[in-house]
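This report concerns only the one structure given below.
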Amino acid sequence: MTASAADAGTDIAFRAVTFGYDGRDVVGPVDLDVERGETVVLLGESGSGKTTLLRLVNALAHPRTGTVTVLGRATTAWDPVRLRRSTGYVIQDVGLFPHLSVRANVELVPKLEGWTPARREERARELLALVGLDPDDVGARRPHQLSGGQRQRVGVARALAHDPGVLLCDEPFGAVDPMTRRSLQDEFAALTGRLAKTVLFVTHDVGEARRLADRVVVLHRGRIQFTGSVKAFERSEDDVVRALRGSA
Amino acid sequence: MSFWAYATANASEIGARTLEHLVLVGVSTLVAAGVGVPLGVLIARRSAMRGPILAAANVLQTVPSLALFGFLIPLPLLGGIGARSAIVALIVYALLPIVRNTFTGIHGIAPSVRDAALGMGMTDRERLWMVELPLALPVVLAGVRVATVVGVGVATIAAAIGAGGLGVFIFQGVARVDHAVILAGAVPAALLALLLDGGLHLLERRWDWRRT
């Protein structure tokens, strides 16, 4: 681990990270710091390596070379289960467990962590309310009885249930209609701002990046092409950034 | 003598043979589930073992039941004349649908659900018991139901090796060319199969998370 990666205030650090298979690098080398409480949006076209970078953080993928540091410890030094329980994870298809009620979905990790039933229930109610759902209305329902937007909200609540330091989001609003997506983005920005969570957010939607990002990181063919504020993103003359802006 | 007259006159023996039949099928299906579900889980997780295990279960399924009973008789510990050989053979026949359905049930779970379970930090065991098996349960139970119904049919042949059951009437009836005696075994066996099929189907529906 390098000195800067160990700095207090850096929750996620990539140092000379590469990822690949069959002896070939498809991502990297990547160097990137995500500061505590910051929302970094990884933006790029399909196949640019965004999801891979995200999965390197919770050890669903492993770097070929380099080090990924999460909450002050290299991912290789973490027990993968502890690492994943220290990070919330929201994905496009949500992955709610269809045999469990909404409340049981939200309470699952706290349950695995040994929380008492009363504490779990209180937490589930609090989080469902926080993401704009009525716990009395949706708590006992099954995921298939919810709309797409409601399912995404439950996915966010579930990822926050055990109060993780870091939230990893892989195009979580990609499968909902544009109106719902816009409202989910606004609510998400307000929520993560209020909870001061460190967020690494993957998207290919430039508008989403503009609304959510403290910092935009553009990936192109597995490498970082641009990193900067939304304002800097808007001003950048980089060809890939301009192409992305043009596609929005 | 008509079937009804024979059945009325021999009601208590038909009842006793039905119970024997039920024990043969029940014990063998339970043991097959105890072996088959873990095997199904194993091949769902280790693809290298999938081919050999499914192929072995398939081959065993193709051995004619009477031949299998015959092969088992001389085997020490497992074999011999009577219920033990029959139960072993019935376990062999019940394995394939249970193993295959357990594998199918687990393998069919949506990738997003697997990814979420892994990403949330569930251990292997937690994923198996809290996500994979509950989601696969309706398909696993469908396999158990098929195994049970097949078992009721195959168990009638077990009478040939002295295992008892409703096949006793069928073999006696065939030897005496007496339809009433054949029916005294065949009708309760068919009813038993329908009853078990219906009962397990109800259980399957009750535990089917897709219906609630």
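If you're matching them up, the sequences are chains A and E in order. Residues in the first sequence are numbered from 1 upward in steps of one, following this note's numbering. Residues in the second sequence are numbered from 249 upward in steps of one, following this note's numbering. Just so you know, even glycine gets a beta-carbon here, dropped at the ideal spot from N, CA and C.
Using a 10 Å radius around the Cβ and a threshold of 16 neighbouring Cβ atoms, would you call E/Trp252 buried or exposed?
Sequence index remark: in the second sequence, residue 252 of chain E carries index 4 (1-based). By the neighbour-count rule (16 or more Cβ atoms within 10 Å), E/Trp252 is not buried but exposed.
For A/Met1, the three-state DSSP class (helix, strand or coil)
The residue given as residue 1 of chain A occupies position 1 in the first sequence. Only weak support is given to the placement of A/Met1: the predicted model assigns it a pLDDT of 40, under 50, and the question is left unresolved by the model.
N-terminal and C-terminal residue of the beta strand (DSSP E) that A/Ala175 is part of
The residue labelled residue 175 of chain A in the question sits at position 175 within the first sequence. No beta strand (DSSP E) contains A/Ala175, which DSSP labels as neither H nor E.
With a threshold of 8 Å, are at least 3 pairs of Cβ atoms found where one atom belongs to the stretch 306 to 326 of chain E and the other to the stretch 370 to 379 of chain E?
Judged by pairs of C-beta atoms under 8 Å, the stretch 306 to 326 of chain E does not touch the stretch 370 to 379 of chain E, as fewer than three such pairs exist.
If contacts are defined as beta-carbon pairs under 8 Å, then A/Ser48 and A/Gly155 qualify, I think. What distance do you get, rounded to the angstrom?
On the first sequence, residue 48 of chain A is found 48 positions in, with the first residue counted as 1. On the first sequence, residue 155 of chain A is found 155 positions in, with the first residue counted as 1. Their Cβ separation, rounded to whole angstroms, is 23 Å, which puts A/Ser48 and A/Gly155 out of contact at 8 Å.
For the putative contact between A/Val131 and A/Leu191, defined by C-beta atoms under 8 Å, what is the C-beta separation to the nearest angstrom?
Position 131 of the first sequence, counted from the first residue, corresponds to residue 131 of chain A. Position 191 of the first sequence, counted from the first residue, corresponds to residue 191 of chain A. Contact flag correct, Cβ pair sits at about 7 Å.
Less than 8 Å between CB atoms is the rule here; does A/His62 satisfy it with respect to chain E?
Working through the first sequence from its first residue, we reach residue 62 of chain A at position 62. No - not a single Cβ of chain E is within 8 Å of the one on A/His62.
Minimum Cβ-Cβ distance from E/Ala364 to chain A less than 8 Å:
As a position in the second sequence, residue 364 of chain E is number 116, starting the count at 1. Closer than 8 Å: yes.
Residues of the stretch 334 to 353 of chain E with a CB closer than 7 Å to any CB of chain A: list them in chain order, please.
Correct list: empty, as no residue qualifies.
Quick check on E/Trp377 - is its C-beta less than 8 Å from some C-beta in chain A?
For the purposes of this step, residue 377 of chain E is taken as the residue at position 129 of the second sequence. Chain A contact via Cβ: absent.
Strand pairing of A/Arg223, partner residues [DSSP]:
Position 223 of the first sequence, counted from the start, is the residue given in the question as residue 223 of chain A. Partner(s): A/His220.
Establish whether the CB of E/Trp252 and some CB of chain A are separated by less than 8 Å.
Here the question's residue 252 of chain E lines up with position 4 in the second sequence. Not closer than 8 Å to any Cβ of chain A, the Cβ of E/Trp252 fails to qualify, so no.
Can you give the Cα-Cα distance for E/Val402 and E/Ile262, rounded to whole angstroms?
Residue 402 of chain E sits at position 154 when you count from the first residue of the second sequence. Residue 262 of chain E sits at position 14 when you count from the first residue of the second sequence. Their backbone Cα atoms lie some 18 Å apart in a straight line.
Here's the rule: buried if 16 or more other CB atoms are within 10 angstroms of the residue's CB, otherwise exposed. What is A/His99?
Within the first sequence, the letter at position 99 stands for residue 99 of chain A. Burial call: buried.
Please state if the CB of A/Leu128 and the CB of A/Pro135 are separated by a distance shorter than 8 Å.
One-based indexing of the first sequence puts residue 135 of chain A at position 135. One-based indexing of the first sequence puts residue 128 of chain A at position 128. Going by C-beta atoms, A/Pro135 is nearer than 8 Å to A/Leu128.
Exposure label - A/Tyr21; buried when at least 16 CB within 10 Å:
For the purposes of this step, residue 21 of chain A is taken as the residue at position 21 of the first sequence. Exposed, since its Cβ has fewer than 16 Cβ neighbours within 10 Å.
For chain A, find out if any of its Cβ atoms is closer than 8 Å to the Cβ of E/Glu380; answer yes or no.
For this step, residue 380 of chain E is matched to residue 132 along the second sequence. Closer than 8 Å: no.
What residue from E/Val307, E/Leu414, E/Ile405 and E/Ala441 has the CA that sits closest to E/Leu344's CA?
Walking along the second sequence from the start, residue 344 of chain E turns up at place 96. The shortest CA-to-CA distance from E/Leu344 to any of E/Val307, E/Leu414, E/Ile405 and E/Ala441 is the one to E/Val307.
Which value, in whole angstroms, describes the spacing of the CA atoms of E/Ile354 and E/Val289?
Indexing the second sequence from 1 puts residue 354 of chain E at position 106. Indexing the second sequence from 1 puts residue 289 of chain E at position 41. Here the alpha carbon of E/Ile354 sits roughly 7 Å from the alpha carbon of E/Val289.
With 16 other Cβ atoms within 10 Å as the buried cut-off, status of A/Met1
Along the first sequence, one-based indexing puts residue 1 of chain A at 1. Confidence is the limiting factor: at A/Met1 the pLDDT is only 40, short of 50, which leaves the residue's position unreliable, though a coordinate-based value still follows. Classification of A/Met1: exposed, given that the 10 Å Cβ count is below 16.
7 Å Cβ shell around A/Ala159 - same chain, five flanking residues per side excluded:
Reading the first sequence from its first residue, position 159 is the one you call residue 159 of chain A. Here the set comprises Gly88, Tyr89, Val90 and Leu167.
Given that a residue counts as buried once 16 or more other Cβ atoms are within 10 Å of its Cβ, and exposed if not, what is E/Arg458?
If you number the second sequence from 1, residue 458 of chain E lands on position 210. By the neighbour-count rule (16 or more Cβ atoms within 10 Å), E/Arg458 is not buried but exposed.
Presumed contact (8 Å Cβ cut-off) between E/Ala331 and E/Ala411, rounded CB distance:
Stepping through the second sequence from its first residue, residue 331 of chain E is reached at position 83. Stepping through the second sequence from its first residue, residue 411 of chain E is reached at position 163. 5 Å between Cβ atoms; contact.
Which one or two residues does DSSP pair with A/Thr69 in a beta bridge?
The residue given as residue 69 of chain A occupies position 69 in the first sequence. Paired residue(s): A/Ala13 and A/Ala74.
Starting from E/Ile329 and walking both ways along the alpha helix (DSSP H), at which residues does that stretch end?
On the second sequence, residue 329 of chain E is found 81 positions in, with the first residue counted as 1. Following the DSSP letters along the chain, one finds E/Ile329 in no alpha helix (DSSP H), marked with neither H nor E.
Looking only at its chain, what residues have a beta carbon closer than 8 Å to the beta carbon of A/Asp239, apart from the 5 residues adjacent to it on each side?
Counting from one through the first sequence, the residue named residue 239 of chain A turns up at place 239. No residues qualify anywhere along the chain.
Could you compute how far the alpha carbon of A/Gly114 sits from the alpha carbon of E/Gly284?
The residue labelled residue 114 of chain A in the question sits at position 114 within the first sequence. The residue labelled residue 284 of chain E in the question sits at position 36 within the second sequence. Rounded to the nearest angstrom, the two C-alpha atoms are 32 Å apart.
Which of the three DSSP states is assigned to A/Leu60 in this structure?
Taking the first residue of the first sequence as position 1, residue 60 of chain A is located at position 60. In the structure shown, A/Leu60 sits in coil (DSSP, three-state: anything other than H, G, I, E or B).
Compare the C-beta of A/Ile12 against all C-beta atoms of chain E and say whether one is closer than 8 Å.
Numbered from 1 along the first sequence, position 12 holds the residue referred to as residue 12 of chain A. It does not; no Cβ of chain E falls within 8 Å.
Neighbourhood of E/Gln420 by C-beta distance below 7 Å, restricted to the same chain and skipping five residues each side:
Counting from 1 along the second sequence, the entry for residue 420 of chain E is found at position 172. Taken in chain order, the residues that qualify are Val429.
Looking at C-alpha atoms only, which residue of E/Arg373, E/Gly415, E/Ala342 and E/Ile418 is the closest neighbour of E/Ala390?
Walking along the second sequence from the start, residue 390 of chain E turns up at place 142. The shortest C-alpha separation from E/Ala390 is found at E/Ala342.
Using Cβ-Cβ distances below 9 Å, what residues of the stretch 17 to 28 of chain A are close to chain E?
none
Is it buried or exposed, E/Met370, if we count other Cβ atoms within 10 angstroms and call 16 or more buried?
Locating residue 370 of chain E in the second sequence gives position 122, where the first residue counts as 1. In this structure E/Met370 is buried. Its beta-carbon is surrounded by 16 or more other beta-carbon atoms within 10 angstroms.
A/Phe97 touches chain E at which residues, Cβ-Cβ below 7 Å?
What you label residue 97 of chain A is simply residue 97 of the first sequence in a count that begins at 1. Under the 7 Å cutoff, chain E gives Val361 and Val379.
When DSSP labels each residue in this structure, what does E/Thr404 get in the three-state scheme?
Reading the second sequence from its first residue, position 156 is the one you call residue 404 of chain E. Of the three classes helix, strand and coil, the one that applies to E/Thr404 here is helix, per DSSP.
Could you tell me whether any Cβ in chain E is nearer than 8 Å to the Cβ of A/Arg15?
Sequence index remark: in the first sequence, residue 15 of chain A carries index 15 (1-based). By this cut-off, A/Arg15 is not an interface position.
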